[in-house]
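For this note's numbering, add 8 to where a residue sits in the sequence shown, where the first one is 1.
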Amino acid sequence: MIFYFTGTGNSRFAAETVGKALAETPISVNDLMRDTACATGGDYVSETPFVFVSPTYAWRLPRVMEKFVRENTFSGCGDAYFLMTCGDSIGAAGRYLQALCREKGVNFRGVQKIVMPENYIAMFSAPEKAEAQKIIANAESVLKTAAETIRARADFPAQKIGAFDRLYSGAVNTVFYKLFVSAKGFYVTDACVSCGQCVKNCPLNNIKLRNGKPVWGADCTHCMACICHCPKEAIEYKNKSKGQPRYTAEKTLKK
9 MIFYFTGTGN SRFAAETVGK ALAETPISVN DLMRDTACAT GGDYVSETPF
59 VFVSPTYAWR LPRVMEKFVR ENTFSGCGDA YFLMTCGDSI GAAGRYLQAL
109 CREKGVNFRG VQKIVMPENY IAMFSAPEKA EAQKIIANAE SVLKTAAETI
159 RARADFPAQK IGAFDRLYSG AVNTVFYKLF VSAKGFYVTD ACVSCGQCVK
209 NCPLNNIKLR NGKPVWGADC THCMACICHC PKEAIEYKNK SKGQPRYTAE
259 KTLKK
């Protein structure tokens, strides 16, 4: 059983690639989160391994995805695999995932890093389309190998974790969430056409239209779905996003 959380489509692409290889249809955690009655308390039973696919936020599993795993039950097969998309590194994420699996009573079979195009334009630069396509092509081969490992019920290769990895996934992650993760920096320009795509794509139901313009609530997780899916590029984040490509996997993969 494959679950994925995504903001701009990287993790959906990863989940669908692995799902195709394993003949399984991935389940969108975004959709489960939007339907608050399905977000917690679920009892998921699978005879095949549980595969959790997610972006990397500050060198760890996003807290909204961690909450999903923590507040639902996963039974049947006792194995859990994690695929984490990232622009570069997942730090010491595996240490925290192993502890989470221990808490849930499932067998941690490892985490695989999947390098995908950078999409966190609140802080970094997104690649242009040609470069992004090359990155995705390289990721596809890694995903196929990961699927073979899951099918064989083998462990993913162990992570090499250094002092900086522990620092990034520990103290830096804490500071990042405290200082940066909020909706305060987002705003809409006059290019907005009131299409509502930002409302539709927010996984936390955190955006409402007021007088035809988006208004953000307090539950932002910085997934970049609103800013990157806006068809008019009418949403900005402070001064960081101005002039930057709005990356989504769907647009990049489109011929």
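Glycine included, every Cβ here is placed at the ideal spot set by N, Cα and C.
8 Å Cβ cutoff met for residue i and residue j
i      : j      : result
Ala191 : Ala242 : no
Leu69  : Ala22  : no
Ala88  : Val114 : yes
Thr260 : His237 : no
Trp67  : Tyr185 : no
Thr56  : Met9   : yes
Pro253 : Glu111 : no
Ile129 : Ser249 : yes
Val180 : Thr229 : no
Glu244 : Thr197 : yes
Tyr52  : Thr81  : yes
Terminal residues of the beta strand (DSSP E) in which residue i lies
i      : result
Ile215 : Ile215 to Arg218
Ala94  : In the sequence under discussion, the amino acid at residue 94 is Cys, which differs from the Ala named in the question. Asp87 to Cys94 is the extent of the beta strand (DSSP E) around Cys94.
Lys248 : Careful: Lys248 lies outside any beta strand (DSSP E) and carries neither H nor E.
Asp51  : Asp51 to Ser54
Asn115 : Asn115 to Val123
Gly84  : Thr81 to Gly84
Ser62  : Phe58 to Pro63
Val223 : Lys221 to Trp224
Phe194 : Phe194 to Val196
Where the alpha helix (DSSP H) through residue i begins and ends
i      : result
Asn181 : Asn181 to Leu187
Ile235 : Ala233 to His237
Phe21  : Asn18 to Leu30
Phe172 : Ala171 to Leu175
Tyr255 : Neither: Tyr255 is in no alpha helix (DSSP H) and is coded neither H nor E.
Inter-residue Cα distance where the pair is residue i and residue j
i      : j      : result
Phe90  : Ile35  : 14 Å
Asp227 : Asn214 : 6 Å
Leu212 : Ile235 : 15 Å
Leu30  : Phe116 : 19 Å
Met73  : Tyr65  : 10 Å
Phe132 : Gly118 : 28 Å
Ser97  : Gln120 : 11 Å
Gln167 : Ser19  : 20 Å
Cys231 : Thr16  : 7 Å
Lys152 : Asn209 : 28 Å
Ala162 : Ser83  : 19 Å
Ser54  : Cys85  : 6 Å
Asn247 : Ile144 : 28 Å
Asp43  : Leu108 : 24 Å
Pro222 : Tyr104 : 35 Å
Arg71  : Gln106 : 15 Å
Phe164 : Val77  : 20 Å
Val150 : Asp173 : 22 Å
Lys75  : Asp39  : 15 Å
Thr25  : Gly220 : 37 Å
Leu187 : Gly251 : 24 Å
Ala160 : Phe58  : 14 Å
Beta-carbon contacts of residue i that lie in its chain and below 7 Å, excluding the five residues immediately before and after
i      : result
Trp224 : Ala191, Phe194, Asn214 and Ile215
Lys240 : Ala199, Cys200 and Val201
Thr93  : Asn18, Ser19, Ala22, Pro63, Thr64, Ile122 and Met124
Cys203 : Pro239
Ala233 : Gly15, Thr16, Asn209, Cys210 and Pro211
Close-in-space but distant-in-sequence residues of the same chain around residue i (CB under 6 Å, 5 per side omitted)
i      : result
Phe11  : Ile35, Val37 and Phe60
Glu126 : Gly95, Phe132 and Ala134
Gly49  : none
Ile169 : Ala100
Contact with chain C by residue i, beta-carbon distance below 8 Å
i      : result
Leu212 : Protein chain content of the structure displayed is limited to a single chain, and chain C is not contained in it.
Same chain only: Cβ atoms within 8 Å of residue i, ignoring 5 sequence neighbours per side
i      : result
Gly27  : Ile10, Thr33 and Pro34
Ala140 : Pro125, Ala134, Tyr255 and Thr260
Runs of 3 residues minimum, wholly inside the segment 126-150: which ones carry the beta strand (DSSP E) assignment? none
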